[in-house]
Amino acid sequence: MGTLETAPRVRLDSAEDVVEYCSQLLTRHTVEPLTTGQHLMAAIRNARVGSLVYSDVTYDADVRLAFSELGTYLVSVPLTGRIHYRHRNVDVDADTGLAAVCLPEDNVEVTRWEAGSRNAAFVLDRAAVDHALMKVTGGRTGTGFTPSIDLCTGRGRSFSELVRAFVRQLDDPHSLLRQPMVAMPYVEALVHGFLAVANSRYLRILERPARPAPPSAVHTALEIIHAEPETALTTAVLADRCHVAVRTLQEGFQRHLGSSPMAVLRSVRLARAHAELLDADPSTTTVATIAYRWAFGNLSRFAEQHRKAYGESPAETLHH
1036 MGTLETAPRV RLDSAEDVVE YCSQLLTRHT VEPLTTGQHL MAAIRNARVG
1086 SLVYSDVTYD ADVRLAFSEL GTYLVSVPLT GRIHYRHRNV DVDADTGLAA
1136 VCLPEDNVEV TRWEAGSRNA AFVLDRAAVD HALMKVTGGR TGTGFTPSID
1186 LCTGRGRSFS ELVRAFVRQL DDPHSLLRQP MVAMPYVEAL VHGFLAVANS
1236 RYLRILERPA RPAPPSAVHT ALEIIHAEPE TALTTAVLAD RCHVAVRTLQ
1286 EGFQRHLGSS PMAVLRSVRL ARAHAELLDA DPSTTTVATI AYRWAFGNLS
1336 RFAEQHRKAY GESPAETLHH
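Quick note on this note's numbering: the sequence shown kicks off at 1036 and runs consecutively.
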């Protein structure tokens, strides 16, 4: 629950098999070759992290697809090639520099998926996206979305790097996304990143000053962080439990502590990792094991932070 789950890549050799397999993730849809009678083969790999579903699909022939009312948010990021979408009465030629954004109520037509094009489809849970949007805007969901995202400049380029980082994690058996402490904040970051590049209302509100949370809410969040640093805490989770908005909590931490909720959480986790290093047997435990347990994926950065906080490297602490 809440960690990276991957399925092996499968190869399917009929449109019926593709529809049956992919309908486990998306609403039922149609797939057919653009050339009548042409044989169809598809390579598909699916993965899941919490409420986020990922599907990596390549067809060996030009095909068309049709979906009726997706029921989820869908972000299509071609890793190679080009995919031609029509939705919301707009044509989107998605490629490595332009992602297509489809909404839960959309009827979506892929007029041409060019042969050999590899697509990274991120299926975002409707409730998770709507909740994140409402927490920031306080208004209606499902409005203000663009039909596409420019992945080459500004925030769009940063979002592209975020999704491509996910793709790189799939084949790593040691990926930190297999740990809830890392996986859930990643999903939250992807959802909010999606809103920041695809929803104009969300972005306008983000650019406004936010009222800081009162000291009582900051104190409650601190208590939660110190009591549960081993759990999959995120800023959104803390804000919900403190009954304030995400940006309100962030501003409260900045005003009263000069820090952020996640920075404080990392500091507490660093202290717990340090305590484990002190108590561990160096003949049976490694620095990496403890660092990964506490969601520090970059060992050199972990060592730097540890030395700054405690005046010695993690290895020196372990072998004290």
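Where a beta carbon is used, it is the ideal one built from N, C-alpha and C, also for glycine. If you're wondering where the values come from, they're calculated on a predicted model, not measured in any experiment.
For residue j and residue i, the rounded distance between their alpha carbons
i       : j       : result
ASN1124 : TYR1345 : 59 Å
PRO1349 : VAL1164 : 39 Å
ASP1160 : ARG1083 : 11 Å
SER1005 : ARG1203 : Absent from the structure is residue 1005, since the part of the chain shown begins at 1036 and ends at 1355.
ALA1326 : ALA1308 : 7 Å
HIS1074 : ALA1248 : 60 Å
LEU1312 : HIS1261 : 19 Å
ARG1301 : THR1269 : 11 Å
PHE1180 : ALA1330 : 33 Å
GLY1339 : GLU1347 : The residue asked about is misnamed: residue 1339 is Glu in this sequence, not Gly. Using only the alpha carbons, I get a separation of about 9 Å.
ARG1044 : TYR1094 : 13 Å
ALA1256 : ARG1282 : 14 Å
ARG1296 : GLY1287 : Per the sequence shown, the amino acid found at residue 1296 is Pro instead of Arg. Taking the straight line joining both Cα atoms gives about 9 Å.
VAL1322 : ARG1328 : 10 Å
GLU1265 : THR1324 : 14 Å
VAL1145 : LEU1241 : 33 Å
ALA1200 : SER1086 : 18 Å
LEU1273 : GLU1223 : 12 Å
ALA1178 : VAL1112 : Rather than Ala, the amino acid found at residue 1178 in this sequence is Thr. Spanning the two alpha carbons is a distance of roughly 21 Å.
GLY1191 : ASP1185 : 5 Å
Nearest-angstrom Cβ-Cβ length linking residue i and residue j, presumed shorter than 8 Å
i       : j       : result
PRO1139 : TYR1108 : 6 Å
VAL1110 : VAL1088 : 11 Å between Cβ atoms; not a contact.
LEU1205 : LEU1225 : Not quite, the Cβ-Cβ distance comes to about 14 Å (not below 8 Å), so this is no contact.
THR1038 : GLN1285 : So it is not a contact: roughly 26 Å between Cβ atoms.
HIS1122 : ASP1141 : 5 Å
MET1219 : ALA1298 : Wrong, their Cβ atoms sit about 17 Å apart, outside the cutoff.
SER1090 : ALA1156 : 4 Å
Helix, strand or coil at residue i according to DSSP, with G and I counted as helix
i       : result
ALA1096 : coil
GLU1104 : coil
HIS1064 : strand
PHE1331 : coil
LEU1353 : helix
ALA1280 : coil
ARG1307 : helix
SER1302 : helix
ALA1077 : strand
THR1115 : strand
THR1131 : coil
GLU1443 : No statement about residue 1443 is possible, as the shown extent of the chain runs from 1036 to 1355 and does not include it.
ASP1275 : helix
Buried or exposed by the 16-neighbour rule on C-beta atoms within 10 Å, applied to residue i
i       : result
VAL1092 : buried
MET1216 : buried
GLY1293 : exposed
ASN1234 : buried
LEU1334 : exposed
MET1169 : exposed
ALA1167 : buried
ASN995  : A query on residue 995 cannot be resolved here, the shown segment of the chain reaching from 1036 to 1355 and no further.
THR1352 : buried
ALA1077 : buried
ARG1063 : exposed
SER1251 : exposed
ASP1316 : exposed
HIS1341 : buried
GLU1104 : exposed
ALA1310 : exposed
THR1115 : exposed
CYS1057 : buried
Margin query: So within the region 1185 to 1265, which uninterrupted alpha helix (DSSP H) runs reach at least 4 residues, ignoring any that extend past its ends?
Written below: DSSP runs (the alpha helix (DSSP H)) wholly in the region 1185 to 1265: 1189 to 1204, 1215 to 1233, 1235 to 1241, 1250 to 1262.
Next item on the list: With a floor of 4 residues, list each alpha helix (DSSP H) that falls wholly inside the region 1135 to 1172, ordered by position along the chain.
Entry: 1161 to 1172
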